[in-house]
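Enquirer:
There are 2 protein chains.
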Amino acid sequence: MDYIKKPGVIEEKSFQIIGEELGPNNFTHRELLIIKRVIHTTADFEYKDLLYIRPGAIDDALKLLKEGTTIYTDTNMILAGINKRALKTLNCSVVSYVAENEIAQIAKDRGITRSMAAIERASEEGINFFVIGNAPTALYKLKELVEEGKCNPSFVIAVPVGFVGAAQSKKDFEKLTLPMITVRGRKGGSTVAAAIVNALLYMLVNRK
Amino acid sequence: MDYIKKPGVIEEKSFQIIGEELGPNNFTHRELLIIKRVIHTTADFEYKDLLYIRPGAIDDALKLLKEGTTIYTDTNMILAGINKRALKTLNCSVVSYVAENEIAQIAKDRGITRSMAAIERASEEGINFFVIGNAPTALYKLKELVEEGKCNPSFVIAVPVGFVGAAQSKKDFEKLTLPMITVRGRKGGSTVAAAIVNALLYMLVNRK
């Protein structure tokens, strides 16, 4: 029964270990807060080389969060992983449409994925803060909407994981000049996406 | 617009690529279904060496699922990641108590983590199928309850991730003779936990 039972203490010590194992680096303090939290959630140090944080993107994300934005996520896992107390403190909210029956019907009728239909809905609703952690098709659809002038996101987290389309979709998406955070290559996913959002939230409100 | 838009096709192709990159191995067909799905969800081939599937554990898990069991998860992310349609087909359900106000109060009053308080509740309710993907303290608490004769799970997925206590908690838990699937070392987490549950579900019902 001598294990540590205080989550705050566990997290602090974890971040200390991660910092020590990361060693010397050129990341800014705020970049490190994101990188460390992603490593904390995956125990995978490869992310220090895979995370791409576009210069200025953290400022853009924090500006949105301070204004009380609505965050769109492409999975319910990401939605579940975002700290709701921090969101509430900032008058922010998070939505996902991918599991809705109406979206499933639209996707079926049009022969597209539910993820794509859901992104279209989010775009129509004027969402500015997108978190894509699962579906390459969602990311391609978002890119198309941007290129067609139908959507102009202020900040995007683009971290689909996988073996078919994920790496390429992120590489293609990076060509847009939008403020963004991506994970290069195959890795990424819902826990990574949620960790990035939470790292941004904790820059503005106390972790609890 | 020439990217693949059918999730079923994407997944099939992904599994084919994973199989090719895994190369020759001695896993059974059913073990491979679990290992491949975990790699599919993380894009991390290390899991082929880290996953420990106790002999007989898959049979025990499937038996519970066929009986219509209640699965306990230690995070809402895992809960969100489990395929609800497959659960429903099998008359199974999934619960998590870690975010409940009553559990928070008990944890505060007793100076333990919410994860620990939530595991106690699940144990009292006679849950047989535990999925621990986040909190080493939850796993230690479950171990204590087993050793005290207060809980006798029929199947446990023990995959906390992290730098303080996670690896040790799993190593200690493995000493129990229970049917279990674990991830050795620091890695694991909610997406890994959900992937293992879904791999088991898809052995019994069609993936949709």
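Residue numbers (full-length UniProt numbering), protein chains in the order written: chain A, 1 to 208; chain B, 1 to 208. In this text, a Cβ means the ideal position worked out from N, Cα and C, and glycines have one as well.
Kindly indicate which residue of 140/A, 109/A, 156/A has the alpha-carbon position closest to the one of residue 128/A.
Expert: 156/A
Enquirer: Pull up the distance between the alpha-carbon of residue 193/B and that of residue 132/B, whole angstroms please.
Expert: Near 7 Å, if we compare the C-alpha coordinates of residue 132/B and residue 193/B.
Enquirer: For the alpha helix (DSSP H) that residue 117/B lies in, which residues bound it at each end?
Expert: 114-124
Enquirer: By Cβ distance, which residues of its chain are closer than 7 Å to residue 135/A, with the 5 residues on each side in sequence left out?
Expert: 74, 113, 115, 160
Enquirer: Take residue 12/A as the anchor and find which of 181/B, 175/B, 164/B, 151/B has the nearest alpha-carbon.
Expert: Out of 181/B, 175/B, 164/B, 151/B, 164/B has the C-alpha closest to the C-alpha of residue 12/A.
Enquirer: Quick check on residue 60/B: buried or exposed, where buried means 16 or more other Cβ atoms within 10 Å of its Cβ?
Expert: buried
Enquirer: What are the partner residues of residue 232/B, as DSSP defines its beta bridges?
Expert: This structure cannot speak to residue 232/B, because chain B is shown only from 1 to 208.
Enquirer: Name the chain A residues that come within less than 9 Å of residue 80/B, Cβ to Cβ?
Expert: 75, 76, 77, 78, 79, 80, 81, 190
Enquirer: Kindly indicate the opening and closing residues of the beta strand (DSSP E) around residue 131/A.
Expert: 129-132
Enquirer: Assign residue 81/B to buried or exposed, taking buried as 16 or more other Cβ atoms, counted over all protein chains shown, within 10 Å of its Cβ.
Expert: buried
Enquirer: Report the neighbours of residue 35/A on chain B: residues whose CB is nearer than 7 Å to its CB, in chain order.
Expert: Per Cβ cutoff of 7 Å: no residues; residue 35/A is ~14 Å from chain B at best.
Enquirer: Could you confirm whether any beta carbon from chain A is found closer than 8 Å to the beta carbon of residue 10/B?
Expert: yes
Enquirer: I'd like to confirm the pairing. Which residues does DSSP put opposite residue 97/A in its beta bridges?
Expert: Residue 97/A is bridged by DSSP to nothing; it lacks a bridge partner.
Enquirer: Taking only three categories from DSSP, how would you classify residue 70/B?
Expert: strand
Enquirer: Counting C-beta neighbours from all protein chains within 10 Å, is the total for residue 123/B 16 or more, i.e. buried, or is it exposed?
Expert: buried
Enquirer: Below 8 Å, how does it come out for the stretch 46-53 of chain A and the stretch 173-190 of chain A: are there three or more Cβ pairs, yes or no?
Expert: Taking 8 Å as the limit for Cβ pairs, the verdict is that the stretch 173-190 of chain A does touch the stretch 46-53 of chain A.
Enquirer: On the DSSP bridge list, what partners appear for residue 212/A?
Expert: Residue coverage of chain A in this structure runs from 1 to 208, which leaves residue 212/A outside it and unanswerable.
Enquirer: Quick check: residue 141/A and residue 158/A, are their CB atoms within less than 8 Å of each other?
Expert: no
Enquirer: For residue 189/A versus residue 42/B, is the C-beta distance shorter than 8 Å?
Expert: yes
Enquirer: Would you kindly work out how many angstroms separate the C-alpha atoms of residue 167/B and residue 95/A, rounded to a whole number?
Expert: 34 Å
Enquirer: Would you report the Cα separation of residue 27/B and residue 83/B, rounded to the nearest angstrom?
Expert: 25 Å
Enquirer: Pull up the distance between the alpha-carbon of residue 68/B and that of residue 130/B, whole angstroms please.
Expert: 14 Å
Enquirer: Given this structure, state the Cα-to-Cα distance separating residue 175/B from residue 63/B, to the nearest angstrom.
Expert: So the alpha carbons of these two residues sit roughly 23 Å apart.
Enquirer: Just curious, the beta strand (DSSP E) that residue 157/B is in, first and last residue?
Expert: 155-158
Enquirer: Using the C-alpha atoms, what's the distance from residue 31/A back to residue 125/A?
Expert: 30 Å
Enquirer: Compare the Cα-Cα distances from residue 46/B to each of 197/B, 105/B, 91/B, 186/B and report the closest residue.
Expert: 186/B
Enquirer: Whole angstroms is fine: what's the gap from residue 205/A's alpha carbon to residue 199/A's?
Expert: Their Cα atoms are separated by approximately 10 Å.
Enquirer: Run down chain A in chain order and give the residues with a C-beta less than 8 Å from the C-beta of residue 146/B.
Expert: Here the premise fails: no neighbours, minimum Cβ distance about 14 Å.
Enquirer: From residue 19/A to residue 86/A, what distance separates their C-alpha atoms?
Expert: For residue 19/A and residue 86/A, the distance between alpha carbons rounds to 24 Å.
Enquirer: If you compare alpha carbons, which of 21/A, 34/A, 177/A is closest to residue 143/A?
Expert: 177/A
Enquirer: So that I know if they touch, is there some Cβ in chain A lying closer than 8 Å to that of residue 49/B?
Expert: no
Enquirer: What distance in whole Å lies between the Cβ atoms of residue 40/B and residue 162/A, which are believed to be in contact at a cut-off of 8 Å?
Expert: 7 Å
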